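Asks: Chains as they are written, first to last, in this note's numbering: chain A, 1 to 231; chain B, 1001 to 1231.
Number of protein chains: 2
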Amino acid sequence: MGHEVLAAVLRVRGASLQVMLWERAREPHAHRWSLPGGELRVDEDVESSIRRQLAEKVDVRQLSHVEQLAVFSAPDRVPGPRVVATAFLGLVPSDVDPEVPSDTAWHCVDELPAMAFDHASIVARARHRLGSKLSYTNVGFALAPPEFTISLLRDHYSAALGYRVSATNLQRVLSRRLLLEPTGGTAPPGPSGGRPAALFRFSAKGIKVTDPFAVLRPPGSGRPAGGGGTT
Amino acid sequence: MGHEVLAAVLRVRGASLQVMLWERAREPHAHRWSLPGGELRVDEDVESSIRRQLAEKVDVRQLSHVEQLAVFSAPDRVPGPRVVATAFLGLVPSDVDPEVPSDTAWHCVDELPAMAFDHASIVARARHRLGSKLSYTNVGFALAPPEFTISLLRDHYSAALGYRVSATNLQRVLSRRLLLEPTGGTAPPGPSGGRPAALFRFSAKGIKVTDPFAVLRPPGSGRPAGGGGTT
DNA sequence: GGGGTTTTCGCCTATTGGTCGAAAACGTGG
DNA sequence: CCACGTTTTCGACCAATAGGCGAAAACCCC
Chain A
1 MGHEVLAAVL
11 RVRGASLQVM
21 LWERAREPHA
31 HRWSLPGGEL
41 RVDEDVESSI
51 RRQLAEKVDV
61 RQLSHVEQLA
71 VFSAPDRVPG
81 PRVVATAFLG
91 LVPSDVDPEV
101 PSDTAWHCVD
111 ELPAMAFDHA
121 SIVARARHRL
131 GSKLSYTNVG
141 FALAPPEFTI
151 SLLRDHYSAA
161 LGYRVSATNL
171 QRVLSRRLLL
181 EPTGGTAPPG
191 PSGGRPAALF
201 RFSAKGIKVT
211 DPFAVLRPPG
221 SGRPAGGGGT
231 T
Chain B
1001 MGHEVLAAVL
1011 RVRGASLQVM
1021 LWERAREPHA
1031 HRWSLPGGEL
1041 RVDEDVESSI
1051 RRQLAEKVDV
1061 RQLSHVEQLA
1071 VFSAPDRVPG
1081 PRVVATAFLG
1091 LVPSDVDPEV
1101 PSDTAWHCVD
1111 ELPAMAFDHA
1121 SIVARARHRL
1131 GSKLSYTNVG
1141 FALAPPEFTI
1151 SLLRDHYSAA
1161 LGYRVSATNL
1171 QRVLSRRLLL
1181 EPTGGTAPPG
1191 PSGGRPAALF
1201 RFSAKGIKVT
1211 DPFAVLRPPG
1221 SGRPAGGGGT
1231 T
């Protein structure tokens, strides 16, 4: 029984969320688009494997986040011999534009082309996971450059969530979580003018990226033990 | 490359959280305790497989919740040929006491015996996942009988989280999420007297079990679209 | 310098979580 | 049958957080 690893690598471009896909040249499902990945080797675990395979597509240093998504294991999910897939969610910050092979391109997640196998449902799962985690972790920073303005972050959140979020509120919520640290610098205003936006960087004083926060907290503590919590 | 499925099946017993384990009779790791599970067959997906394998241990109808946990894939996680494991979290309500085979027993999660392979880390992951999800989903009801008192639910939450939670607060939070529905009945008081407790059942009007709620909500909506959200 | 634009910040409100204490509803023992 | 302990339930109050609005700040161009 074969085992493959696949990744839905997402990024924000302008106002839309995009996923990295490559076009299959050969059957089965020739000319349909599929997620990057491949066979798991015997000497690597699934995370090493997906990082190795993604390295053939993009510079792995530009991946700001990688996490397990789920196992897809329907017996007929691919034609031929049985293949189980471990799917990952990957994120790329918006300030880099990795070189990709000629058969590979970014597609907006709400205008997906004809997809191979069950890859469309994997992308859907990745979108859902990202949207959920934006609320209670700091994965949002993985979408943004190391230094960013609140407006940019707001736009990224909006693109990933599919609805506009308020910059005022986003700043206050993230500040309370001790996740924003002003760099002191400012970004130049756009061509139409406007007040220069202050630059921020991500602060590690807050929660860890994978830690959900506890709504029902240990008694007496404003935030859960272990260094951090958020709303 | 082999693929196995494993489950950390948890339940609350009195004031402690327990996990179902069986004692290995043969090498490797003879006399160490391991999670139920086994080989994935070619004609089933991972969830069917874990349900089938758990059926050999307990009545599957008594499993109130099953969800994917993570893939464990370190090349040397088991001796011999490579085996990748898909781990699950399972829950059993506290009112049933499933018959288990003679080599199988429940163990308190904070007094685990010598565990086989990487199974201890899988149990740790399951505990963490349950604790997190108690806060923002309704998995808590999967630990309780169909009808329950607030005190019982409070005790189950306390056991699973490892700290005491307030019954007052638990009731208000769950009520606001529209998850509690009074049955009208009451439970008889204990031997030391006391006011009879009102019985409740889980109400499906609230959030779905796997849906996290959005802290950053769509504008204008008190709760996210799609049937429910919570704080 | 005036008008347009964008960011930032302070107020106000609504919702949620946490704590406390009183009242309700039971059993028991004098 | 009445005082007492026990447990549940409920209301009141407080703290923290999220959302909305509008004014002020800081820039552009003309």
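Positions of the beta carbon are idealized from the N, C-alpha and C atoms, including for glycine.
Values in this document were obtained by computation on a predicted structure and should not be read as measured data.
By the 10 Å Cβ neighbour count, where 16 or more other Cβ atoms means buried, how is A/K205 classified, buried or exposed?
Replies: Here residue 205 of chain A refers to the residue found at position 205 of the first sequence. Classification of A/K205: exposed, given that the 10 Å Cβ count is below 16.
Asks: Determine the DSSP secondary structure at A/R154, reduced to helix, strand or coil.
Replies: For the purposes of this step, residue 154 of chain A is taken as residue 154 along the first sequence, with counting starting at 1. Note: A/R154 maps to helix in three-state DSSP.
Asks: Comparing the C-beta of B/Q1068 with each C-beta of chain A, is any distance below 9 Å?
Replies: Along the second sequence, read from residue 1 onward, the residue named residue 1068 of chain B stands at position 68. Chain A, which has a Cβ nearer than 9 Å to the Cβ of B/Q1068, makes this yes.
Asks: Determine the chain B residues that contact A/P286 at a beta-carbon separation under 7 Å, and present them in chain order.
Replies: Residue 286 of chain A lies beyond the stretch modelled for chain A, which goes from 1 to 231, so this question has no answer here.
Asks: Shortest alpha-carbon distance to B/P1188 belongs to which of B/Q1068, B/G1037, B/H1156, B/S1151?
Replies: For the purposes of this step, residue 1188 of chain B is identified with residue 188 of the second sequence, where counting begins at 1. That would be B/S1151, whose Cα lies nearest to the Cα of B/P1188.
Asks: Can you pull the chain B residues whose beta carbon is under 8 Å from the beta carbon of A/V12, in chain order?
Replies: Translated into the one-based positions of the first sequence, residue 12 of chain A becomes position 12. Near A/V12 there are no residues of chain B at all, since even the closest Cβ is about 15 Å away, more than 8 Å.
Asks: What is the rounded straight-line gap between the Cα of B/L1180 and the Cα of B/S1102?
Replies: As a working mapping, residue 1180 of chain B is identified with position 180 in the second sequence. As a working mapping, residue 1102 of chain B is identified with position 102 in the second sequence. Cα to Cα, B/L1180 sits roughly 38 Å from B/S1102.
Asks: For B/R1127, which of B/H1003, B/G1014, B/E1004, B/V1019 has the nearest alpha-carbon?
Replies: Taking the first residue of the second sequence as 1, we reach residue 1127 of chain B at position 127. Checking every option, the nearest Cα to that of B/R1127 belongs to B/V1019.
Asks: Give the residues of chain A in contact with B/V1071, contact being defined as C-beta atoms less than 7 Å apart.
Replies: Here residue 1071 of chain B is taken as the residue at index 71 of the second sequence, counted from 1. Within chain A, the residues near B/V1071 are V46, Q68, V71, T86.
Asks: Taking 7 Å as the limit between beta carbons, can you name the residues of its chain near B/F1141, skipping five residues before and five after?
Replies: Position 141 of the second sequence, counted from the start, is the residue given in the question as residue 1141 of chain B. Cβ within range, chain order: F1202.
Asks: For chain B, find out if any of its Cβ atoms is closer than 9 Å to the Cβ of A/G80; answer yes or no.
Replies: Numbered from 1 along the first sequence, position 80 holds the residue referred to as residue 80 of chain A. No, no contact with chain B.
Asks: If we count the other Cβ atoms within 10 Å of its Cβ and call it buried at 16 or more, is A/D110 buried or exposed?
Replies: Residue numbering aside, residue 110 of chain A sits at position 110 when the first sequence is read from its first letter. Exposed: under 16 other Cβ atoms inside 10 Å.
Asks: Can you give me the C-alpha to C-alpha distance between B/A1008 and B/S1121, rounded to a whole angstrom?
Replies: The residue given as residue 1008 of chain B occupies position 8 in the second sequence. The residue given as residue 1121 of chain B occupies position 121 in the second sequence. So the two alpha carbons sit approximately 10 Å from each other.
Asks: If we cut at 9 Å on Cβ distances, does B/H1003 have a partner in chain A?
Replies: The count along the second sequence starts at 1 and reaches residue 1003 of chain B at position 3. It does; some Cβ of chain A falls within 9 Å.
Asks: I need the straight-line Cα distance from A/V42 to A/V60, nearest angstrom please.
Replies: Numbered from 1 along the first sequence, position 42 holds the residue referred to as residue 42 of chain A. Numbered from 1 along the first sequence, position 60 holds the residue referred to as residue 60 of chain A. Their Cα atoms are separated by approximately 21 Å.
Asks: Could you check if B/G1131 is buried or exposed, using at least 16 other CB atoms within 10 Å of its CB as the buried criterion?
Replies: Here the question's residue 1131 of chain B lines up with position 131 in the second sequence. It counts as buried.
Asks: Cα-Cα, which of B/F1088, B/M1001, B/G1090, B/L1035 is closest to A/E44?
Replies: Counting from one through the first sequence, the residue named residue 44 of chain A turns up at place 44. For A/E44, the nearest C-alpha among the options comes from B/M1001.
Asks: Locate the beta strand (DSSP E) running through A/S16, then write down its first and last residues.
Replies: The count along the first sequence starts at 1 and reaches residue 16 of chain A at position 16. Looking at the DSSP string, the run of the beta strand (DSSP E) that includes A/S16 is 16-23.
Asks: Let me check one thing: in DSSP terms, what residues is A/Q68 bridge-paired to?
Replies: As a first step, residue 68 of chain A must be located in the first sequence, where it is residue number 68. Answer by DSSP bridge pairing, in chain order: A/F88.
Asks: Please name the residue in B/S1166, B/R1164, B/V1173 whose C-alpha comes closest to that of B/Y1136.
Replies: Working through the second sequence from its first residue, we reach residue 1136 of chain B at position 136. Per the Cα distances, B/V1173.
Asks: Leaving out five residues on either side along the sequence, give the residues of the same chain with a beta carbon under 7 Å from the beta carbon of A/A144.
Replies: Translated into positions along the first sequence, residue 144 of chain A becomes position 144. Beyond the five residues adjoining it in sequence on each side, A/A144 comes within less than 7 Å, by CB distance, of P93, S94, L152, L153, H156 in the same chain, given in chain order.
Asks: Which term fits A/A160, buried or exposed, when burial requires 16 or more other beta carbons within 10 angstroms of its beta carbon?
Replies: Here the question's residue 160 of chain A lines up with position 160 in the first sequence. It counts as buried.
Asks: Assuming contact is defined by CB atoms lying nearer than 9 Å, are A/A85 and A/V5 in contact in what I supplied?
Replies: The residue labelled residue 85 of chain A in the question sits at position 85 within the first sequence. The residue labelled residue 5 of chain A in the question sits at position 5 within the first sequence. Against a cut-off of 9 Å, the Cβ pair of A/V5 and A/A85 comes out as a contact.
Asks: Taking the alpha-carbon of A/P75 as reference, which of A/C108, A/L21, A/H3, A/P146 has the nearest alpha-carbon?
Replies: Here residue 75 of chain A corresponds to residue number 75 of the first sequence, with the count starting at 1. Ranked by Cα distance from A/P75, the options A/C108, A/L21, A/H3, A/P146 are led by A/H3.
Asks: Pull up the DSSP beta-bridge partners for A/R11, would you.
Replies: Looking up residue 11 of chain A in the first sequence gives position 11. In DSSP, A/R11 forms a bridge with A/Q18.
Asks: Please report how far the alpha carbon of A/T231 lies from the alpha carbon of A/Q62, in whole angstroms.
Replies: Locating residue 231 of chain A in the first sequence gives position 231, counting from the first residue. Locating residue 62 of chain A in the first sequence gives position 62, counting from the first residue. In this predicted model, A/T231 has a pLDDT of only 26, less than 50, meaning its place in the structure is not dependable enough to derive any value.
Asks: What's the gap between the Cα of B/L1199 and the Cα of B/Q1171?
Replies: Working through the second sequence from its first residue, we reach residue 1199 of chain B at position 199. Working through the second sequence from its first residue, we reach residue 1171 of chain B at position 171. So the two alpha carbons sit approximately 12 Å from each other.
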